[in-house]
Amino acid sequence: MRLFQRLRNKSSSATSSGGSNYAYVTARVRAMKSNLLPKETYSRLMNMDLDEITRFIGETQYKQDVDELARKFKGVDLIEHALNRNLAVTFSKLIDISEGELNYLITEYLKNYDIWDIKTILRGKYYNATLEEIKDNLVSAGQLKYNFLSELAEKESYEHVIDTLSNTDYYPILKNYDGTNLPEIENQLDKLYYQRLFNAIGTPKSSDRKLFSKLIRTEIDIKNIKTMFRMKKEGVEDGELEDLVLDGGLRLSLKEINSLVPLPFADFINSLEKYPYWDAISDFASPDMESLVDLETSLTKYSIKSAASFSHEYPLSIVPIMDYMINKKNEVNNLRIIIRGKAVNLDDEIIRNQLVI
Numbered sequence: 001m002r003l004f005q006r007l008r009n010k011s012s013s014a015t016s017s018g019g020s021n022y023a024y025v026t027a028r029v030r031a032m033k034s035n036l037l038p039k040e041t042y043s044r045l046m047n048m049d050l051d052e053i054t055r056f057i058g059e060t061q062y063k064q065d066v067d068e069l070a071r072k073f074k075g076v077d078l079i080e081h082a083l084n085r086n087l088a089v090t091f092s093k094l095i096d097i098s099e100g101e102l103n104y105l106i107t108e109y110l111k112n113y114d115i116w117d118i119k120t121i122l123r124g125k126y127y128n129a130t131l132e133e134i135k136d137n138l139v140s141a142g143q144l145k146y147n148f149l150s151e152l153a154e155k156e157s158y159e160h161v162i163d164t165l166s167n168t169d170y171y172p173i174l175k176n177y178d179g180t181n182l183p184e185i186e187n188q189l190d191k192l193y194y195q196r197l198f199n200a201i202g203t204p205k206s207s208d209r210k211l212f213s214k215l216i217r218t219e220i221d222i223k224n225i226k227t228m229f230r231m232k233k234e235g236v237e238d239g240e241l242e243d244l245v246l247d248g249g250l251r252l253s254l255k256e257i258n259s260l261v262p263l264p265f266a267d268f269i270n271s272l273e274k275y276p277y278w279d280a281i282s283d284f285a286s287p288d289m290e291s292l293v294d295l296e297t298s299l300t301k302y303s304i305k306s307a308a309s310f311s312h313e314y315p316l317s318i319v320p321i322m323d324y325m326i327n328k329k330n331e332v333n334n335l336r337i338i339i340r341g342k343a344v345n346l347d348d349e350i351i352r353n354q355l356v357i
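Quick note on numbering: the sequence shown equals residues 1 to 357 in full-length UniProt numbering.
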């Protein structure tokens, strides 16, 4: 199947601001952001049973998605697919209404969903997940469209999946997958994504591009901190851990990360106190911590708050648009956490601790 890019601007290499429509798109985004669920909604949802939650979601901005998918899916599967479809349609709309440089930057940013979907399919094959489980987690918000991804998920083996992706930019990495080195391949895909994104941003000179770069580099710092905590908890060797971190962080350079990696867990935690992320994790980080859920949730909240603060600094730029996209993604994640938790009868407190509000 031929892959295509839905671009109003015919040239994907448009990097000048002359043809961009920042004022129009940011105005549209303000209206779209007003449709996000208020924070107090989550408390109400926690007091509902699964059927009530399903009805509630079907009466919100997800109504059209629920109605159109109701013929194919039921129950939790219906809500999962409706949430993913709504997210994909929403982000595709941003591409459709944007022009020039703005269109180019949004398109490059959304390629993280292509990588998410490729990872999801390969993980599904690796862990022998059912086809339904794989498709439930696909979010076609990038360049790879749902029909193509669905057909990709139906391939008999990971070899067939990779062969089908032979004409994409991801193939030079994917061809090295041997069925056992999935973490390595996933990490290389992440590095490729950020490398391409930084190439798109270029050397930031304008205020808005500097803020966009700052937002992405903060995101990398958050990812690296999460990775280091996970790997240290799992006892991963130092050399292997160094290969898993991403370059380009705002406050944590590779040199600084390489100095943190060999430290014992307690010393590693203490060394993080000098970074601005410490306030977000200080209540949860300890040498004897049993779970990383609270710590990772708090870091995600920090990332969302950072995007909000950046968007106020330069209101007519890509940053308010990124702020909306991050909050929209978080809303879908929160709803997914609630319905999945309710479906398997998780304790309400466990569900609440995973919500990013």
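By construction, the Cβ of each residue, glycine as well, lies at the ideal position given by its N, Cα and C atoms. Keep in mind it's a predicted model, so treat the numbers as computed, not measured.
Measure how close the beta-carbons of Ser317 and Asp208 come, nearest whole angstrom, since I'm counting them as under 8 Å.
-> Along the sequence shown, read from residue 1 onward, the residue named residue 317 stands at position 317. Along the sequence shown, read from residue 1 onward, the residue named residue 208 stands at position 208. Yes, they are in contact, since the Cβ atoms of Ser317 and Asp208 sit about 3 Å apart, within 8 Å.
Report the residue from Thr60, Leu241, Lys223 and Asp136 whose alpha carbon sits nearest the alpha carbon of Lys301.
-> By one-based count along the sequence shown, residue 301 stands at place 301. Distance from the Cα of Lys301 is smallest, within the candidate group Thr60, Leu241, Lys223 and Asp136, for Lys223.
Whole-angstrom distance between Leu87 and Lys329, CA atom to CA atom = Counted from its first residue, the sequence shown places residue 329 at position 329. Counted from its first residue, the sequence shown places residue 87 at position 87. One alpha carbon belongs to Lys329, the other to Leu87, and they sit about 7 Å apart.
Given a threshold of 16 other Cβ atoms within 10 Å of its Cβ, counted over all protein chains shown, does Leu241 qualify as buried or as exposed?
-> Locating residue 241 in the sequence shown gives position 241, where the first residue counts as 1. Classification for Leu241: buried.
So, Glu101 versus Ser20, is the Cβ gap smaller than 7 Å?
-> In the sequence shown, counting from the first residue as 1, residue 101 sits at position 101. In the sequence shown, counting from the first residue as 1, residue 20 sits at position 20. Yes; because the gap between Cβ atoms is below 7 Å, this pair is in contact.
So, helix, strand or coil for Ile338, using DSSP?
-> In the sequence shown, the residue the question calls residue 338 occupies position 338. If DSSP states are grouped into helix, strand and coil, Ile338 belongs with the helices.
Could you tell me how far apart the beta carbons of Leu246 and Lys191 are, in whole angstroms, since I believe they sit closer than 8 Å?
-> Within the sequence shown, the letter at position 246 stands for residue 246. Within the sequence shown, the letter at position 191 stands for residue 191. 6 Å between Cβ atoms; contact.
Taking buried to mean at least 16 other C-beta atoms within 10 Å of its own C-beta, is Ser43 buried or exposed?
-> For this step, residue 43 is matched to residue 43 along the sequence shown. Only exposed fits Ser43, as fewer than 16 other CB atoms lie within 10 angstroms of its CB.
For Arg85, which residues from the same chain have a beta carbon less than 6 Å from its beta carbon, with the 5 sequence-adjacent residues on both sides left out?
-> What you label residue 85 is simply residue 85 of the sequence shown in a count that begins at 1. Once the five neighbours on either side are set aside, the close Cβ partners of Arg85 are Asp65.
What distance in whole Å lies between the Cβ atoms of Tyr158 and Leu122, which are believed to be in contact at a cut-off of 8 Å?
-> For this step, residue 122 is matched to residue 122 along the sequence shown. For this step, residue 158 is matched to residue 158 along the sequence shown. Confirmed, Cβ separation roughly 6 Å.
Roughly how many whole angstroms lie between the Cα atoms of Arg55 and Met48?
-> Position 55 of the sequence shown, counted from the start, is the residue given in the question as residue 55. Position 48 of the sequence shown, counted from the start, is the residue given in the question as residue 48. Distance between the alpha carbons of Arg55 and Met48 is about 10 Å.
Just the Cα atoms here: how many angstroms apart are Glu186 and Ala153?
-> Reading the sequence shown from its first residue, position 186 is the one you call residue 186. Reading the sequence shown from its first residue, position 153 is the one you call residue 153. Cα-Cα distance, rounded: 17 Å.
Could you give the C-beta distance for Thr26 and Pro320, rounded to a whole number, given that I count them as a contact under 8 Å?
-> Residue numbering aside, residue 26 sits at position 26 when the sequence shown is read from its first letter. Residue numbering aside, residue 320 sits at position 320 when the sequence shown is read from its first letter. Between Thr26 and Pro320 a beta carbon distance of about 5 Å is seen, short of the 8 Å cut, so the two are scored as contacting.
When you compare each of Lys342, Glu349, Ile173 and Leu355 to Asp51 by their alpha carbons, which one comes out closest?
-> Position 51 of the sequence shown, counted from the start, is the residue given in the question as residue 51. Taking each of Lys342, Glu349, Ile173 and Leu355 in turn and checking the Cα distance to Asp51, the smallest one comes out for Lys342.
Alpha-carbon spacing of Gln188 relative to Met46, whole angstroms | Here residue 188 is taken as the residue at index 188 of the sequence shown, counted from 1. Here residue 46 is taken as the residue at index 46 of the sequence shown, counted from 1. Rounded to whole angstroms, the gap between the alpha carbons of Gln188 and Met46 is 38 Å.
Take the Cβ of Asn334 as the centre, count every other Cβ of all protein chains shown within 10 Å, and call the residue buried at 16 or more, exposed below.
-> By one-based count along the sequence shown, residue 334 stands at place 334. Asn334 should be labelled buried.
Could you spell out the range, first to last residue, of the alpha helix (DSSP H) harbouring Met228?
-> As a working mapping, residue 228 is identified with position 228 in the sequence shown. Counted as a single uninterrupted DSSP element, the alpha helix (DSSP H) harbouring Met228 occupies residues Ser207 to Glu234.
When you compare only the Cα positions, how much space is there between Tyr194 and Met322?
-> Against the sequence shown, residue 194 aligns to sequence position 194. Against the sequence shown, residue 322 aligns to sequence position 322. Tyr194 and Met322: Cα-Cα distance of roughly 16 Å.
Mind listing, in chain order, the continuous alpha helix (DSSP H) runs of no fewer than 4 residues lying wholly within the segment 21-102?
-> DSSP runs (the alpha helix (DSSP H)) wholly in the segment 21-102: 22-33, 40-46, 50-57, 63-69 and 75-97.
Check whether the Cβ atoms of Asp117 and Leu149 lie closer than 7 Å to each other.
-> Looking up residue 117 in the sequence shown gives position 117. Looking up residue 149 in the sequence shown gives position 149. A contact, by the Cβ cut-off of 7 Å.
For Asp169, three-class secondary structure by DSSP | If you number the sequence shown from 1, residue 169 lands on position 169. Three-state result, Asp169: coil.
Give the secondary structure of Val245 by DSSP, where H, G and I count as helix, E and B as strand, and everything else as coil.
-> Reading the sequence shown from its first residue, position 245 is the one you call residue 245. Val245: coil per DSSP, three-state reduction.
What residue from Ile173, Lys214 and Ser286 has the CA that sits closest to Ala308's CA?
-> On the sequence shown, position 308 is the one that residue 308 refers to. If we check each option's Cα against that of Ala308, Lys214 comes out closest.
Would you identify the three-state DSSP class for Ser286, choosing helix, strand or coil?
-> In the sequence shown, counting from the first residue as 1, residue 286 sits at position 286. Coil.
Can you tell me which of the three DSSP states Lys329 falls into?
-> Counting from 1 along the sequence shown, the entry for residue 329 is found at position 329. Here Lys329 sits in helix by DSSP.
If you draw a straight line from the C-alpha of Arg28 to the C-alpha of Leu110, how long is it?
-> Position 28 of the sequence shown, counting from 1, holds the residue named residue 28. Position 110 of the sequence shown, counting from 1, holds the residue named residue 110. In a straight line, the C-alpha of Arg28 is about 18 Å away from that of Leu110.
Kindly indicate which three-state DSSP category Asn345 falls into: helix, strand or coil?
-> Here residue 345 refers to the residue found at position 345 of the sequence shown. Here Asn345 carries a coil assignment [DSSP, helix/strand/coil].
Taking Cβ to Cβ, would you say Ile326 is nearer than 7 Å to Leu355?
-> In the sequence shown, residue 326 corresponds to position 326, counting from 1. In the sequence shown, residue 355 corresponds to position 355, counting from 1. With contacts defined as CB atoms closer than 7 Å, Ile326 and Leu355 fail to qualify as a contacting pair.
Count the other CB atoms within 10 Å of the CB of Gly249; is the residue buried (16 or more) or exposed (fewer)?
-> For the purposes of this step, residue 249 is identified with residue 249 of the sequence shown, where counting begins at 1. When all chains shown are included, Gly249 counts as buried.
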